[in-house]
Amino acid sequence: MALKKTDGEFSLIDPFNGQKDLESKIVRAVGEADERFSEDALRMMRAIRIATELGFTIEEKTLDAIKKNASLINKIAKERVREELFKILSSPNPYDGMLLLRNAGLLMEILPEFEKTFGVEQKSPGRHHIYDVGTHSLMALKNCKSQDPIVRFATLIHDIGKPQTYKKLPTGVITFYNHEVVSTKIAVNIADRLRFSKKEKDKLITLVRYHQFTVDERQTDSAIRRFIRNVGKENISDMITLRIADRLGGGARETSWRLEEFKKRLIEVQKEPFAVKDLKIDGNDVMKELNLKPGPKVGEILNTLFEEVVEKKLENEKKALLSRL
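In terms of this note's numbering, the sequence shown opens at residue 1 and continues consecutively.
Below is the structure:
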């Protein structure tokens with residue numbers, strides 16, 4: 001569509017009836033869809049992204065053309081595919097976007113590993129899961145409260161290693177031992193294939209690798225600290241968000257008393273020092289107090305003080321630390 005100005009008057013030029021499609025909330029290829037998609041196959045993902053962002057419907061012939069030409073997406077630079085995928089994940093309806101991608105045959109081309117999760121059963125005695133792995137993952141995405149496309153993507157593929165670790169015991173119980181490890185390896189391959197930045201890749205891998213974290217009221221402070229070190233303080237909130245989405249996507253309640261207790265413990269433990277650098281004194285203080293020159297001895301003293309603070313034998317206060325020297 002375009003505006004034409006004649007004698008000071010504007011008129012709408014609309015040879016393809018775009019105004020009507022806008023009013024009807026329809027996404028339609030201009031002219032021959034096959035030709036448009038062969039010119040630039042990324043237009044297929046854009047059609048789905050626009051439909052997802054605006055809540056529009058893709059016109060039948062256009063959708064059929066996407067299904068027919070889905071494999072052409074493999075000719076597009078992976079960076080462009082990634083950016084369009086992130087836009088779909090960042091939309092108000094990422095769940096609908098993923099369903100559209102799958103229905104159009106594009107998801108199979110972009111994430112063939114994820115397509116393998118559909119039909120892999122999870123329901124077994126004593127387990128809360130009510131969906132197969134693929135459907136559960138989509139439902140988890142639907143319930144993910146984060147706006148970050150990386151967190152949403154991690155939520156989508158967190159169980160992508162389950163098909164490879166599936167085992168059904170004689171009792172009928174289904175297990176997926178170490179699926180988080182296998183999922184992480186697959187996530188690395190996907191991140192490399194789609195040209196994620198190092199920061200994006202690191203965050204994705206962390207969330208997928210540790211999504212199966214243990215929540216137990218008997219956990220020691222050391223265990224909580226180890227979790228925080230593994231995940232990173234900057235990722236804790238997103239990790240909890242993924243866990244909640246995972247629970248809701250499997251048919252469980254949003255939270256449990258154990259998860260709530262774990263969240264409280266995380267807050268308390270984070271108040272404690274995690275490394276020597278968190279001590280209220282540093283090497284300069286040690287050298288000044290003991291009249292030492294720079295060297296390994298200073299580091300040894302700081303490490304000893306840190307261990308005592310962690311073991312709660314010493315307060316992490318400057319006066320207390322200096323008096324211990």
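A virtual CB, placed ideally from N, CA and C, is assigned to each residue, including glycine.
Only a predicted model underlies this, so the values are computations on that prediction, with no experimental measurement involved.
Can you tell me which residues form a DSSP beta bridge with residue i?
i: I26; result: T57
i: T175; result: K167
Within 10 Å of its beta-carbon, does residue i have 16 or more other beta-carbons around it, so buried, or fewer, so exposed?
i: Y210; result: buried
i: N291; result: exposed
i: K203; result: buried
i: K162; result: buried
i: T220; result: exposed
i: D216; result: exposed
i: N284; result: exposed
i: L169; result: exposed
i: A275; result: exposed
i: V30; result: exposed
i: E84; result: buried
i: S323; result: exposed
Residue i to residue j, Cα distance in whole Å?
i: V181; j: L101; result: 27 Å
i: I224; j: M239; result: 14 Å
i: K319; j: D278; result: 15 Å
i: P273; j: E317; result: 11 Å
i: I88; j: V188; result: 21 Å
i: K280; j: P294; result: 19 Å
i: G55; j: L314; result: 59 Å
i: K167; j: Q122; result: 10 Å
i: R253; j: R36; result: 46 Å
i: T255; j: Q147; result: 20 Å
i: F306; j: Y95; result: 47 Å
i: T184; j: L194; result: 15 Å
i: Q212; j: T117; result: 18 Å
i: L321; j: K312; result: 12 Å
i: G51; j: N93; result: Contrary to the premise, residue 51 reads as Ala rather than Gly in this sequence. In a straight line, the C-alpha of A51 is about 10 Å away from that of N93.
i: E39; j: E113; result: 27 Å
i: L42; j: K20; result: 24 Å
i: K288; j: K271; result: 27 Å
i: K25; j: T57; result: 6 Å
i: L111; j: L325; result: 58 Å
i: A47; j: V120; result: 30 Å
i: E260; j: E300; result: 38 Å
i: D282; j: Y177; result: 44 Å
Just checking my contact of residue i with residue j at CB under 8 Å: how many whole Å lie between their CB atoms?
i: S237; j: V173; result: So it is not a contact: roughly 33 Å between Cβ atoms.
i: L330; j: N143; result: A query on residue 330 cannot be resolved here, the shown segment of the chain reaching from 1 to 325 and no further.
i: M98; j: L156; result: 7 Å
i: R152; j: L141; result: 6 Å
i: V298; j: V286; result: 5 Å
i: E53; j: R28; result: At roughly 16 Å, the Cβ-Cβ gap does not stay under 8 Å, so E53 and R28 are not in contact.
i: M45; j: V81; result: 7 Å
i: D159; j: H179; result: 6 Å
Quick check on this structure: which residue in the options has the alpha carbon closest to the alpha carbon of residue i?
i: G105; options: A70, P92, S90, L138; result: A70
i: G267; options: A245, K233, K185; result: Residue 267 is actually Ile in this sequence, not Gly. For I267, the nearest C-alpha among the options comes from K233.
i: L242; options: K68, T206, W257, T171; result: T206
i: F262; options: G251, I228, V120, D246; result: I228
i: S197; options: V133, Y177, E79; result: E79
i: D34; options: R49, W257, L63, E23; result: L63
i: A191; options: T175, V208, K75; result: V208
i: R49; options: K75, S91, I130, K67; result: S91
i: A154; options: T214, G126, A245, Y131; result: A245
i: G250; options: G134, N74, E32, E23; result: G134
Can you check whether the C-beta of residue i is within less than 9 Å of a C-beta belonging to chain B?
i: M108; result: Of the protein chains in this structure there is only one, and it is not chain B.
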